[in-house]
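Presented below is the structure to which this report refers.
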DNA sequence: ACCTGAACACCGTTCAAGT
DNA sequence: ACCTGAACACCGTTCAAGT
């Protein structure tokens, strides 16, 4: 524990601002949440935010990290069973974040920090999916293609309205198509 | 030809504003293109735009319509041959619009007009893809799932950087997987 | 080091006034 | 009917000034 009192206080305040931002981004969306409103709910002046975060995009990146870290932790605990059930679990874990995900895609080209976060996220997700597919018996030369297709389908299902029944049907079909593929 | 001179003039001016908006949206992106800048390049005052379009979103919807209509026209002319080649053609046709597509996904939940356009676009694309799959021998009960997966993969390839070599490989694999599926 | 009030340059949009 | 200058309410961000 290398942190002194001052550093702890700073961390604590940063976390509070982050928590407010996370709630507002998830509830109202990134675009409709102004820095001023985050500051207001955190009980500080708008420009105080900039003492803790470089800009509004840095706030989004920190929120994204917290969401992904939580999902990764819970996935190891709860997501067992067949492949399509695991994918369905992933989908539900990120469902609340679908607005944020759309924002990431729109801003990846506009903001360097979000672009970098997005590229790194896809690298991480890809290797996790490849490991998952490997464990479910998908032959190595197909793992790359299958993981990309699954990634895009997950993103598509998140971005577009779909009932959990439709999701189950589509993911079931996709997984059986990919894992029972002919040579 | 029911249009009189005045109506023609109006149409012409609308088209000019629309052309400027299209160029700027494609070049710089929706978010980085201000209504003021469109007006400037069209040679009118900023608020004149609002005589021809309800708001900035209506401008985007009109640009989207022009892009989709052109692509639909060209597709019937040029996109022949095997299924993956046709999908590759579609991808190239919308490549320049990848920034706009990301914006549509981000704003679909925020703007009623863009949300409606987006839902309608997917209905149209889905039925076109189903017809295409039917023509390529995909059995009817699979057409719905296959068309959604293909839609999501096309969107994914547009949204994320990918070389034409990667695209060819992935689409080839996907089409062969989907069309040679076991019962 | 941390926080603020005030300001800056911009944004989409509206409105009263002109023709 | 069409167009404009001026204004409105907001935005993210900066900066000089305070402690």
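Residue numbers (this note's numbering), protein chains in the order written: chain A, 6 to 188; chain B, 6 to 188.
Ideal Cβ placement from N, Cα and C applies to all residues, glycine included.
message = Check whether chain B comes within 8 angstroms of residue 34 (chain A), counting only Cβ atoms and requiring the distance to be less than that.
response = The sequence position of residue 34 (chain A) within the first chain is 29, counting from 1. So yes, residue 34 (chain A) belongs to the interface.
ask   = Do you know offhand how far residue 41 (chain B)'s Cα is from residue 115 (chain B)'s?
value = Sequence index remark: in the second chain, residue 41 (chain B) carries index 36 (1-based). Sequence index remark: in the second chain, residue 115 (chain B) carries index 110 (1-based). In this model, residue 41 (chain B) and residue 115 (chain B) are separated by some 22 angstroms (Cα to Cα).
task = Determine the extent of the alpha helix (DSSP H) in which residue 167 (chain A) is found, giving its start and end residues.
result = Your numbering for residue 167 (chain A) matches position 162 in the first chain. Counted as a single uninterrupted DSSP element, the stretch harbouring residue 167 (chain A) is not any alpha helix (DSSP H), since DSSP gives it neither H nor E.
ask   = What residue ranges within the segment 63-110 of chain A form continuous alpha helix (DSSP H) runs of no fewer than 4 residues, ordered along the chain?
value = Taking only runs of at least 4 residues, the alpha helix (DSSP H) segments lying wholly in the segment 63-110 of chain A are 88-98.
query = Hey, quick one: how far does the alpha helix (DSSP H) through residue 23 (chain A) stretch, first residue to last?
reply = Looking up residue 23 (chain A) in the first chain gives position 18. Here the alpha helix (DSSP H) through residue 23 (chain A) covers 10-33.
inquiry  = Give me the subset of the segment 94-113 of chain A whose CB atoms are less than 7 angstroms from a CB atom of chain B, sorted by chain position.
reply    = Along the segment 94-113 of chain A, going in chain order, the ones with a CB nearer than 7 angstroms to a CB of chain B are 104, 107, 108, 110 and 111.
task = Assign residue 152 (chain A) to buried or exposed, taking buried as 16 or more other Cβ atoms, counted over all protein chains shown, within 10 Å of its Cβ.
result = As a working mapping, residue 152 (chain A) is identified with position 147 in the first chain. A residue is called buried once 16 or more other Cβ atoms fall within 10 Å of its Cβ, and residue 152 (chain A) is buried on that count.
message = Tell me the rounded alpha-carbon separation between residue 59 (chain B) and residue 122 (chain B).
response = As a working mapping, residue 59 (chain B) is identified with position 54 in the second chain. As a working mapping, residue 122 (chain B) is identified with position 117 in the second chain. Their backbone Cα atoms lie some 15 angstroms apart in a straight line.
Neighbour flag for residue 142 (chain B) against chain A, beta carbons, 8 angstroms = Translated into the one-based positions of the second chain, residue 142 (chain B) becomes position 137. Not a single CB atom of chain A sits nearer than 8 angstroms to the CB of residue 142 (chain B).
task = Quick one: using the 10 Å Cβ neighbour count with 16 as the cut-off for buried, is residue 182 (chain A) buried or exposed?
result = To locate residue 182 (chain A), count along the first chain from 1; it is residue 177. Buried, because 16 or more other Cβ atoms sit within 10 Å of the Cβ of residue 182 (chain A).
The segment 150-182 of chain B: positions lying closer than 8 angstroms to chain A by Cβ = Residues of the segment 150-182 of chain B with a C-beta atom less than 8 angstroms from some C-beta of chain A are 150, 153, 154, 156, 157, 158, 160, 161, 162, 164, 165, 174, 175, 178, 179 and 182, listed in chain order.
inquiry  = I want to see whether chain B comes within less than 8 angstroms of residue 127 (chain A), judged by CB atoms only; does it?
reply    = Within the first chain, residue 127 (chain A) is the residue found at index 122, counting from 1. Taking Cβ atoms only, chain B reaches closer than 8 angstroms to residue 127 (chain A), which makes this a yes.
Three-way DSSP call (helix, strand, coil) for residue 118 (chain A) in this model = Position 113 of the first chain, counting from 1, holds the residue named residue 118 (chain A). Correct three-state label for residue 118 (chain A): helix.
Beta carbon of residue 110 (chain A) nearer than 8 angstroms to that of residue 76 (chain B) = Residue mapping note: residue 110 (chain A) aligns to position 105 of the first chain, counting from 1. Residue mapping note: residue 76 (chain B) aligns to position 71 of the second chain, counting from 1. No; because the gap between Cβ atoms is not below 8 angstroms, this pair is not in contact.
ask   = Looking at C-alpha atoms only, which residue of A:21, A:93, A:100 and A:71 is the closest neighbour of residue 48 (chain A)?
value = Position 43 of the first chain, counted from the first residue, corresponds to residue 48 (chain A). Cα-wise, what sits closest to residue 48 (chain A) is A:21.
task = Using 10 angstroms around the beta-carbon of residue 44 (chain B), count the other beta-carbons present and answer buried if the total reaches 16, otherwise exposed.
result = By 1-based counting over the second chain, the position of residue 44 (chain B) is 39. The residue is buried, with at least 16 neighbouring Cβ atoms inside 10 Å.
inquiry  = Here's a check: name, in chain order, each residue in its chain whose Cβ is nearer than 7 angstroms to the Cβ of residue 7 (chain B), leaving out the five neighbours to either side.
reply    = In the second chain, residue 7 (chain B) corresponds to position 2, counting from 1. Caution applies to residue 7 (chain B), whose pLDDT of 48 falls short of 50 and renders its modelled position unreliable; the model cannot decide the point.
inquiry  = Which residue marks the beginning of the alpha helix (DSSP H) containing residue 49 (chain B), and which one marks its end?
reply    = Position 44 of the second chain holds residue 49 (chain B). Neither: residue 49 (chain B) is in no alpha helix (DSSP H) and is coded neither H nor E.
ask   = Using a C-beta cutoff of 8 angstroms, does residue 115 (chain A) count as contacting chain B?
value = Counting from one through the first chain, the residue named residue 115 (chain A) turns up at place 110. Yes, residue 115 (chain A) counts as interfacial toward chain B.
key: Whether residue 2 (chain B) touches residue 162 (chain B) by CB criterion (8 angstroms)   = Given a span of 6 to 188 for chain B in the structure shown, any question on residue 2 (chain B) remains unanswerable.
Listed by chain order, chain A residues near residue 37 (chain B) by CB distance under 9 angstroms = Counting from one through the second chain, the residue named residue 37 (chain B) turns up at place 32. Contact of residue 37 (chain B) with chain A by beta-carbon distance below 9 angstroms involves 115.
query = Tell me which same chain residues have a C-beta within less than 8 angstroms of the C-beta of residue 143 (chain A), skipping the five on either side of it?
reply = What you label residue 143 (chain A) is simply residue 138 of the first chain in a count that begins at 1. The residues are 151, 183 and 184.
inquiry  = So, with DSSP's three-state summary, where would you put residue 36 (chain A)?
reply    = Numbered from 1 along the first chain, position 31 holds the residue referred to as residue 36 (chain A). Looking at residue 36 (chain A) - three-state DSSP - the assignment turns out to be coil, as it is neither helix nor strand.
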